[in-house]
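FYI, the numbering for the sequence shown is 1 to 99, going by our numbering.
For glycine and all other residues, C-beta sits at the position ideal for the given N, C-alpha and C.
In what follows, a structure is listed as structure tokens, so that the remarks can point back to it.
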Amino acid sequence: QGVEYVCVSMDGDGALLVGPDNSYHAQAPQVIVRSSVGAGDSMVAALVAAFARGVEAPKALRLGIACATGTVSQPGTELFSAGDVESYFNEVSVKRLDI
Numbered sequence: 001q002g003v004e005y006v007c008v009s010m011d012g013d014g015a016l017l018v019g020p021d022n023s024y025h026a027q028a029p030q031v032i033v034r035s036s037v038g039a040g041d042s043m044v045a046a047l048v049a050a051f052a053r054g055v056e057a058p059k060a061l062r063l064g065i066a067c068a069t070g071t072v073s074q075p076g077t078e079l080f081s082a083g084d085v086e087s088y089f090n091e092v093s094v095k096r097l098d099i
């Protein structure tokens, strides 16, 4: 029981994911930001869904960043597509940190 991972969003600088054994930084793809409404919620939802399915931390973080990027690329609260997420997922770079 307890918290296994902590994720810190850093706006356009991506996010940090700190876990019990490893820490990661993910850099978000460069997009035109149309609205930041719901971006953090999208990232958290993607992380939770990925971890619930047993996805490894780096891949879960990539998915979270891809979903947040999809959110900010849309005006207002418009939805992004699965194709958007797939494209952004492939653009997210994740680096393991020695913390």
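* To do: In the DSSP assignment, find the alpha helix (DSSP H) that holds S87 and state where it starts and stops.
  => S87 -> alpha helix (DSSP H) spans 82 to 91.
* **Per DSSP, cross-strand counterpart(s) of Y24** => Per the DSSP secondary-structure output, Y24 pairs in a beta bridge with L17, R96.
* To do: Check whether the Cβ atoms of A50 and S93 sit closer than 8 angstroms, and answer yes or no.
  => For the pair A50 and S93, the CB atoms are not nearer than the 8 angstroms cut-off.
* Alpha-carbon to alpha-carbon, E4 and Q30 -> When rounded, the distance between both Cα atoms is 29 angstroms.
* Top-ranked residue by Cα proximity to V85, from C7, R34, V72, K95 -> Across the set C7, R34, V72, K95, the C-alpha of V72 shows the shortest separation from the C-alpha of V85.
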